[in-house]
(Lines of atoms letter the chains of each structure in order from A and count residues from 1; the text may use other names and numbers.)
(Lines give C-alpha, C1' and ligand atoms only; values in the text may rest on other atoms or scores of the structure.)
Protein backbone atom coordinates (compact mmCIF):
# COMPACT_ATOMS: atom_id res chain seq x y z
CA UNK A 1 0.00 0.00 0.00
CA UNK A 2 2.83 2.37 0.95
CA UNK A 3 4.59 1.48 -2.30
CA UNK A 4 1.43 2.28 -4.34
CA UNK A 5 0.93 5.53 -2.44
CA UNK A 6 4.55 6.52 -3.18
CA UNK A 7 4.05 5.83 -6.89
CA UNK A 8 0.86 7.91 -6.93
CA UNK A 9 2.54 10.78 -5.13
CA UNK A 10 5.47 10.71 -7.57
CA UNK A 11 3.13 10.69 -10.52
CA UNK A 12 1.02 13.66 -9.41
CA UNK A 13 3.61 16.42 -10.18
CA UNK A 14 4.28 14.87 -13.59
CA UNK A 15 0.57 14.68 -14.35
CA UNK A 16 0.06 18.26 -13.21
CA UNK A 17 2.97 19.49 -15.31
CA UNK A 18 1.72 17.59 -18.35
CA UNK A 19 -1.81 18.95 -17.88
CA UNK A 20 -0.44 22.50 -17.61
CA UNK A 21 1.66 22.04 -20.75
CA UNK A 22 -1.26 20.64 -22.73
CA UNK A 23 -3.53 23.40 -21.43
CA UNK A 24 -1.01 26.07 -22.44
CA UNK A 25 -0.59 24.50 -25.87
CA UNK A 26 -4.35 24.36 -26.33
CA UNK A 27 -4.66 28.04 -25.46
CA UNK A 28 -1.91 29.18 -27.85
CA UNK A 29 -3.30 30.13 -31.23
CA UNK A 30 -0.88 29.98 -34.16
CA UNK A 31 -1.06 32.82 -36.66
CA UNK A 32 0.22 31.82 -40.09
CA UNK A 33 0.77 34.93 -42.24
CA UNK A 34 1.11 34.57 -46.03
CA UNK A 35 2.54 37.04 -48.55
CA UNK A 36 3.56 36.41 -52.15
CA UNK A 37 6.45 38.86 -51.83
CA UNK A 38 9.92 37.60 -50.82
CA UNK A 39 11.73 37.99 -47.51
CA UNK A 40 13.06 41.53 -47.07
CA UNK A 41 10.22 43.11 -49.06
CA UNK A 42 8.65 46.07 -47.18
CA UNK A 43 5.31 44.38 -46.58
CA UNK A 44 7.00 41.20 -45.32
CA UNK A 45 9.33 43.08 -42.94
CA UNK A 46 6.38 45.01 -41.46
CA UNK A 47 4.35 41.81 -41.18
CA UNK A 48 7.17 40.05 -39.33
CA UNK A 49 7.26 42.92 -36.83
CA UNK A 50 3.49 42.62 -36.48
CA UNK A 51 4.03 38.97 -35.57
CA UNK A 52 6.65 39.80 -32.94
CA UNK A 53 4.23 42.29 -31.39
CA UNK A 54 1.41 39.74 -31.27
CA UNK A 55 3.61 37.12 -29.59
CA UNK A 56 5.12 39.53 -27.06
CA UNK A 57 1.95 41.38 -26.08
CA UNK A 58 -0.27 38.28 -25.93
CA UNK A 59 2.09 36.66 -23.41
CA UNK A 60 2.58 33.72 -25.73
CA UNK A 61 -1.13 33.01 -26.21
CA UNK A 62 -0.61 33.88 -29.87
CA UNK A 63 2.25 32.39 -31.87
CA UNK A 64 3.33 33.54 -35.33
CA UNK A 65 4.90 32.10 -38.48
CA UNK A 66 5.67 34.11 -41.61
CA UNK A 67 5.33 32.44 -45.00
CA UNK A 68 6.82 34.80 -47.59
CA UNK A 69 7.61 34.28 -51.25
CA UNK A 70 4.28 32.69 -52.16
CA UNK A 71 5.16 29.36 -50.54
CA UNK A 72 1.53 28.83 -49.50
CA UNK A 73 0.22 29.55 -52.99
CA UNK A 74 -0.98 32.40 -55.18
CA UNK A 75 -2.97 35.27 -53.66
CA UNK A 76 -6.19 33.63 -54.86
CA UNK A 77 -5.19 30.34 -53.22
CA UNK A 78 -4.14 32.15 -50.03
CA UNK A 79 -7.51 33.91 -49.78
CA UNK A 80 -9.32 30.61 -50.27
CA UNK A 81 -7.25 29.05 -47.47
CA UNK A 82 -7.86 32.05 -45.19
CA UNK A 83 -11.58 31.87 -45.81
CA UNK A 84 -11.65 28.37 -44.32
CA UNK A 85 -9.19 29.20 -41.53
CA UNK A 86 -6.22 27.21 -42.84
CA UNK A 87 -4.22 30.45 -43.05
CA UNK A 88 -4.86 33.08 -40.39
CA UNK A 89 -3.59 36.32 -41.94
CA UNK A 90 -2.45 37.66 -45.30
CA UNK A 91 -1.71 40.77 -47.31
CA UNK A 92 -3.71 40.67 -50.49
CA UNK A 93 -4.11 42.83 -53.58
CA UNK A 94 -7.37 44.68 -54.10
CA UNK A 95 -7.51 43.30 -57.61
CA UNK A 96 -8.28 39.91 -56.07
CA UNK A 97 -10.83 41.35 -53.63
CA UNK A 98 -12.75 43.47 -56.14
CA UNK A 99 -14.75 40.73 -57.87
CA UNK A 100 -16.05 39.56 -54.45
CA UNK A 101 -16.44 42.91 -52.65
CA UNK A 102 -17.48 45.35 -55.40
CA UNK A 103 -17.13 48.47 -53.24
CA UNK A 104 -13.33 48.17 -53.18
CA UNK A 105 -13.32 48.72 -56.93
CA UNK A 106 -13.46 52.46 -56.30
CA UNK A 107 -9.75 52.14 -55.36
CA UNK A 108 -9.10 49.93 -58.39
CA UNK A 109 -10.19 52.47 -60.97
CA UNK A 110 -7.46 53.99 -63.14
CA UNK A 111 -6.25 57.43 -62.06
CA UNK A 112 -8.70 57.69 -59.13
CA UNK A 113 -5.81 59.01 -57.00
CA UNK A 114 -3.86 62.09 -58.04
CA UNK A 115 -0.61 60.75 -56.64
CA UNK A 116 0.81 58.60 -53.84
CA UNK A 117 0.40 61.32 -51.18
CA UNK A 118 -3.27 61.66 -52.09
CA UNK A 119 -3.81 57.90 -51.85
CA UNK A 120 -2.21 57.79 -48.39
CA UNK A 121 -4.41 60.58 -47.06
CA UNK A 122 -7.48 58.76 -48.34
CA UNK A 123 -6.66 55.39 -46.76
CA UNK A 124 -5.64 57.06 -43.47
CA UNK A 125 -9.04 58.78 -43.22
CA UNK A 126 -12.74 57.96 -43.13
CA UNK A 127 -12.90 56.57 -46.66
CA UNK A 128 -10.09 54.09 -45.98
CA UNK A 129 -11.78 52.87 -42.79
CA UNK A 130 -15.12 52.55 -44.59
CA UNK A 131 -13.64 50.32 -47.28
CA UNK A 132 -12.00 48.09 -44.66
CA UNK A 133 -15.37 47.86 -42.95
CA UNK A 134 -17.10 46.91 -46.22
CA UNK A 135 -14.61 44.06 -46.75
CA UNK A 136 -15.16 42.85 -43.17
CA UNK A 137 -18.96 42.90 -43.44
CA UNK A 138 -19.11 41.26 -46.85
CA UNK A 139 -19.45 37.55 -47.63
CA UNK A 140 -15.67 37.40 -48.07
CA UNK A 141 -15.28 35.76 -44.63
CA UNK A 142 -12.23 37.90 -43.89
CA UNK A 143 -11.67 40.76 -41.44
CA UNK A 144 -9.84 43.72 -43.01
CA UNK A 145 -7.51 45.37 -40.51
CA UNK A 146 -5.20 47.91 -42.15
CA UNK A 147 -3.67 49.08 -45.41
CA UNK A 148 -0.26 48.48 -46.94
CA UNK A 149 1.06 50.84 -49.60
CA UNK A 150 1.25 48.79 -52.79
CA UNK A 151 3.00 51.58 -54.66
CA UNK A 152 2.35 53.25 -57.97
CA UNK A 153 1.89 50.83 -60.84
CA UNK A 154 3.49 51.54 -64.20
CA UNK A 155 3.92 49.47 -67.35
CA UNK A 156 7.11 47.49 -68.01
CA UNK A 157 7.72 45.93 -71.40
CA UNK A 158 10.24 44.31 -73.71
CA UNK A 159 9.90 47.15 -76.23
CA UNK A 160 9.67 50.81 -75.19
CA UNK A 161 6.28 52.41 -74.64
CA UNK A 162 6.79 56.15 -75.05
CA UNK A 163 3.23 56.98 -76.08
CA UNK A 164 -0.23 55.46 -76.14
CA UNK A 165 0.34 54.31 -79.73
CA UNK A 166 3.34 52.18 -78.68
CA UNK A 167 1.15 50.12 -76.34
CA UNK A 168 -1.25 49.09 -79.10
CA UNK A 169 -1.62 45.32 -79.37
CA UNK A 170 0.90 44.51 -76.61
CA UNK A 171 -0.04 41.60 -74.34
CA UNK A 172 0.20 43.00 -70.78
CA UNK A 173 -0.25 40.93 -67.66
CA UNK A 174 -2.70 42.24 -65.06
CA UNK A 175 -4.23 40.90 -61.86
CA UNK A 176 -7.38 38.83 -62.28
CA UNK A 177 -9.89 41.67 -62.15
CA UNK A 178 -12.09 42.64 -65.14
CA UNK A 179 -11.49 46.32 -64.42
CA UNK A 180 -7.72 45.93 -64.82
CA UNK A 181 -8.17 44.03 -68.07
CA UNK A 182 -10.49 46.77 -69.33
CA UNK A 183 -7.97 49.44 -68.28
CA UNK A 184 -5.16 47.95 -70.37
CA UNK A 185 -7.55 47.29 -73.25
CA UNK A 186 -8.78 50.89 -73.14
CA UNK A 187 -5.18 52.06 -73.48
CA UNK A 188 -4.78 49.92 -76.61
CA UNK A 189 -3.06 46.90 -75.10
CA UNK A 190 -4.32 43.36 -74.56
CA UNK A 191 -4.85 42.72 -70.84
CA UNK A 192 -4.10 39.16 -69.74
CA UNK A 193 -4.90 37.95 -66.22
CA UNK A 194 -2.12 35.88 -64.66
CA UNK A 195 -0.75 35.00 -61.21
CA UNK A 196 2.41 36.82 -60.12
CA UNK A 197 4.39 33.58 -60.02
CA UNK A 198 3.79 32.96 -63.72
CA UNK A 199 5.01 36.35 -65.00
CA UNK A 200 8.74 35.61 -65.18
CA UNK A 201 8.42 32.59 -67.46
CA UNK A 202 5.64 34.25 -69.49
CA UNK A 203 7.94 37.20 -70.22
CA UNK A 204 10.79 34.84 -70.99
CA UNK A 205 8.79 32.73 -73.43
CA UNK A 206 6.92 35.59 -75.10
CA UNK A 207 3.49 34.63 -73.79
CA UNK A 208 3.24 38.28 -72.69
CA UNK A 209 5.03 41.43 -73.87
CA UNK A 210 5.00 43.09 -70.48
CA UNK A 211 3.24 43.62 -67.18
CA UNK A 212 2.41 46.46 -64.83
CA UNK A 213 3.57 46.97 -61.27
CA UNK A 214 5.82 49.04 -58.99
CA UNK A 215 9.65 49.23 -59.01
CA UNK A 216 10.25 46.91 -56.01
CA UNK A 217 8.14 44.17 -57.61
CA UNK A 218 9.88 44.59 -60.97
CA UNK A 219 13.20 44.18 -59.16
CA UNK A 220 12.46 41.54 -56.50
CA UNK A 221 10.65 39.16 -58.85
CA UNK A 222 13.42 39.54 -61.47
CA UNK A 223 11.01 40.63 -64.20
CA UNK A 224 13.52 43.32 -65.25
CA UNK A 225 15.71 40.57 -66.70
CA UNK A 226 13.22 40.25 -69.57
CA UNK A 227 11.53 43.66 -69.53
CA UNK A 228 13.99 46.55 -69.76
CA UNK A 229 11.57 49.45 -70.34
CA UNK A 230 9.57 51.00 -67.52
CA UNK A 231 6.98 53.56 -68.65
CA UNK A 232 5.76 55.87 -65.86
CA UNK A 233 2.04 55.80 -66.62
CA UNK A 234 0.98 55.85 -62.96
CA UNK A 235 -2.39 54.41 -64.00
CA UNK A 236 -2.96 52.66 -60.68
CA UNK A 237 -1.95 53.55 -57.12
CA UNK A 238 -3.18 50.63 -55.09
CA UNK A 239 -3.45 50.22 -51.34
CA UNK A 240 -3.48 46.59 -50.21
CA UNK A 241 -5.37 45.29 -47.16
CA UNK A 242 -4.08 43.13 -44.33
CA UNK A 243 -6.80 40.59 -43.66
CA UNK A 244 -7.49 37.94 -41.04
CA UNK A 245 -9.62 34.84 -41.41
CA UNK A 246 -12.99 35.53 -39.79
CA UNK A 247 -12.84 32.01 -38.36
CA UNK A 248 -9.62 32.96 -36.55
CA UNK A 249 -10.92 36.40 -35.58
CA UNK A 250 -13.87 34.87 -33.76
CA UNK A 251 -11.51 32.66 -31.73
CA UNK A 252 -9.75 35.72 -30.32
CA UNK A 253 -10.72 37.33 -27.03
CA UNK A 254 -11.87 40.97 -27.19
CA UNK A 255 -8.47 42.05 -25.84
CA UNK A 256 -6.68 39.99 -28.49
CA UNK A 257 -8.84 41.52 -31.22
CA UNK A 258 -7.83 44.99 -30.02
CA UNK A 259 -4.18 43.88 -30.01
CA UNK A 260 -4.40 42.53 -33.57
CA UNK A 261 -5.99 45.74 -34.86
CA UNK A 262 -3.38 47.87 -33.10
CA UNK A 263 -0.48 45.76 -34.40
CA UNK A 264 -1.89 45.87 -37.94
CA UNK A 265 -2.15 49.67 -37.89
CA UNK A 266 1.43 49.87 -36.58
CA UNK A 267 2.50 47.66 -39.50
CA UNK A 268 0.71 50.04 -41.87
CA UNK A 269 2.82 52.94 -40.60
CA UNK A 270 6.09 50.99 -40.56
CA UNK A 271 5.61 49.60 -44.08
CA UNK A 272 5.15 53.10 -45.46
CA UNK A 273 8.60 54.17 -44.29
CA UNK A 274 10.12 50.94 -45.56
CA UNK A 275 8.29 51.30 -48.86
CA UNK A 276 9.66 54.76 -49.62
CA UNK A 277 13.22 53.61 -48.95
CA UNK A 278 12.75 50.41 -50.95
CA UNK A 279 11.21 52.23 -53.92
CA UNK A 280 14.12 54.65 -54.12
CA UNK A 281 16.76 51.92 -53.85
CA UNK A 282 14.88 49.68 -56.31
CA UNK A 283 14.83 52.46 -58.90
CA UNK A 284 18.59 52.92 -58.51
CA UNK A 285 19.24 49.18 -58.86
CA UNK A 286 16.96 48.83 -61.87
CA UNK A 287 18.65 51.71 -63.66
CA UNK A 288 22.05 50.19 -62.86
CA UNK A 289 20.80 46.91 -64.36
CA UNK A 290 19.95 48.68 -67.62
CA UNK A 291 16.24 49.37 -67.17
CA UNK A 292 15.16 52.56 -68.92
CA UNK A 293 12.66 54.70 -66.99
CA UNK A 294 10.45 56.46 -69.52
CA UNK A 295 8.52 59.61 -68.62
CA UNK A 296 5.30 59.67 -70.64
CA UNK A 297 2.60 62.27 -71.10
CA UNK A 298 -0.08 60.85 -68.76
CA UNK A 299 -2.93 62.89 -70.21
CA UNK A 300 -3.61 60.59 -73.21
CA UNK A 301 -3.56 57.55 -70.89
CA UNK A 302 -5.98 59.27 -68.49
CA UNK A 303 -8.32 60.24 -71.34
CA UNK A 304 -8.16 56.76 -72.88
CA UNK A 305 -9.39 55.21 -69.61
CA UNK A 306 -12.40 57.52 -69.24
CA UNK A 307 -14.64 54.70 -70.50
CA UNK A 308 -13.45 52.46 -67.63
CA UNK A 309 -14.28 55.08 -65.01
CA UNK A 310 -17.69 55.61 -66.65
CA UNK A 311 -18.39 51.87 -66.81
CA UNK A 312 -17.43 51.06 -63.22
CA UNK A 313 -17.70 54.40 -61.42
CA UNK A 314 -21.45 55.05 -61.43
CA UNK A 315 -22.21 53.16 -58.18
CA UNK A 316 -19.40 55.04 -56.42
CA UNK A 317 -20.09 58.58 -57.66
CA UNK A 318 -20.45 60.02 -54.14
CA UNK A 319 -17.43 58.12 -52.87
CA UNK A 320 -15.33 59.33 -55.79
CA UNK A 321 -16.32 62.92 -54.99
CA UNK A 322 -15.19 62.39 -51.40
CA UNK A 323 -11.87 60.93 -52.60
CA UNK A 324 -11.33 63.87 -54.96
CA UNK A 325 -12.10 66.29 -52.12
CA UNK A 326 -9.29 64.92 -49.93
CA UNK A 327 -6.39 67.36 -49.97
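In our numbering, the protein residues as written are 18 to 344.
Virtual Cβ for every residue (Gly too), placed ideally from N, Cα, C.
Treat the numbers as computed from the prediction; the structure is a model and nothing was measured.
Quick one: is the Cβ of residue i within less than 8 Å of any heavy atom of the ligand FMN?
i, result
"residue 158", "Inclusion of the ligand FMN in the displayed structure is not the case, the ligand content being empty and no account of it being possible."
Please state whether the Cβ-Cβ distance between residue i and residue j is less than 9 Å.
i, j, result
"residue 234", "residue 322", "no"
"residue 246", "residue 309", "yes"
"residue 87", "residue 53", "yes"
"residue 213", "residue 106", "no"
"residue 261", "residue 99", "yes"
"residue 333", "residue 196", "no"
"residue 193", "residue 219", "no"
"residue 227", "residue 188", "yes"
"residue 263", "residue 160", "yes"
"residue 259", "residue 281", "yes"
"residue 340", "residue 61", "no"
"residue 232", "residue 296", "yes"
"residue 165", "residue 284", "yes"
"residue 48", "residue 70", "no"
"residue 248", "residue 311", "yes"
"residue 326", "residue 129", "yes"
"residue 72", "residue 92", "no"
"residue 89", "residue 167", "no"
"residue 121", "residue 96", "no"
"residue 230", "residue 173", "yes"
Which two residues bound the contiguous beta strand (DSSP E) that contains residue i?
i, result
"residue 161", "159 to 174"
"residue 79", "79 to 84"
"residue 3", "Because the chain spans 18 through 344 in this model, residue 3 falls outside it and cannot be assessed."
"residue 309", "309 to 311"
Taking the alpha-carbon positions, what's the residue i to residue j distance?
i, j, result
"residue 302", "residue 331", "41 Å"
"residue 274", "residue 317", "46 Å"
"residue 45", "residue 313", "53 Å"
"residue 155", "residue 299", "36 Å"
"residue 190", "residue 202", "11 Å"
"residue 58", "residue 307", "22 Å"
"residue 101", "residue 315", "42 Å"
"residue 141", "residue 163", "9 Å"
"residue 243", "residue 175", "7 Å"
"residue 344", "residue 221", "42 Å"
"residue 185", "residue 117", "30 Å"
"residue 279", "residue 152", "18 Å"
"residue 135", "residue 103", "36 Å"
"residue 238", "residue 217", "8 Å"
"residue 170", "residue 68", "28 Å"
"residue 75", "residue 65", "15 Å"
"residue 292", "residue 335", "30 Å"
"residue 304", "residue 183", "21 Å"
"residue 63", "residue 287", "6 Å"
"residue 319", "residue 206", "14 Å"
"residue 324", "residue 94", "31 Å"
"residue 177", "residue 127", "21 Å"
"residue 56", "residue 82", "13 Å"
"residue 271", "residue 342", "36 Å"
"residue 198", "residue 241", "22 Å"
"residue 158", "residue 180", "42 Å"
"residue 223", "residue 215", "12 Å"
"residue 137", "residue 77", "33 Å"
Where DSSP assigns a beta bridge to residue i, which residues make up the other side?
i, result
"residue 227", "174 and 189"
"residue 87", "According to DSSP, residue 87 bridges with nothing at all."
"residue 49", "82"
"residue 210", "191"
Check for me: the alpha helix (DSSP H) holding residue i runs from which residue to which?
i, result
"residue 299", "271 to 305"
"residue 68", "59 to 74"
"residue 330", "323 to 330"
"residue 340", "334 to 342"
"residue 96", "92 to 100"
"residue 233", "232 to 237"
"residue 150", "143 to 153"
"residue 216", "216 to 222"
"residue 56", "Careful: residue 56 lies outside any alpha helix (DSSP H) and carries neither H nor E."
"residue 183", "181 to 184"
| request: Run through the stretch 107 to 132 for me and flag every whole alpha helix (DSSP H) of 4 or more residues, listed as ranges in chain order. | output: Fully contained in the stretch 107 to 132 are the following alpha helix (DSSP H) runs of length 4 or more, in chain order: 111 to 114 and 122 to 125.
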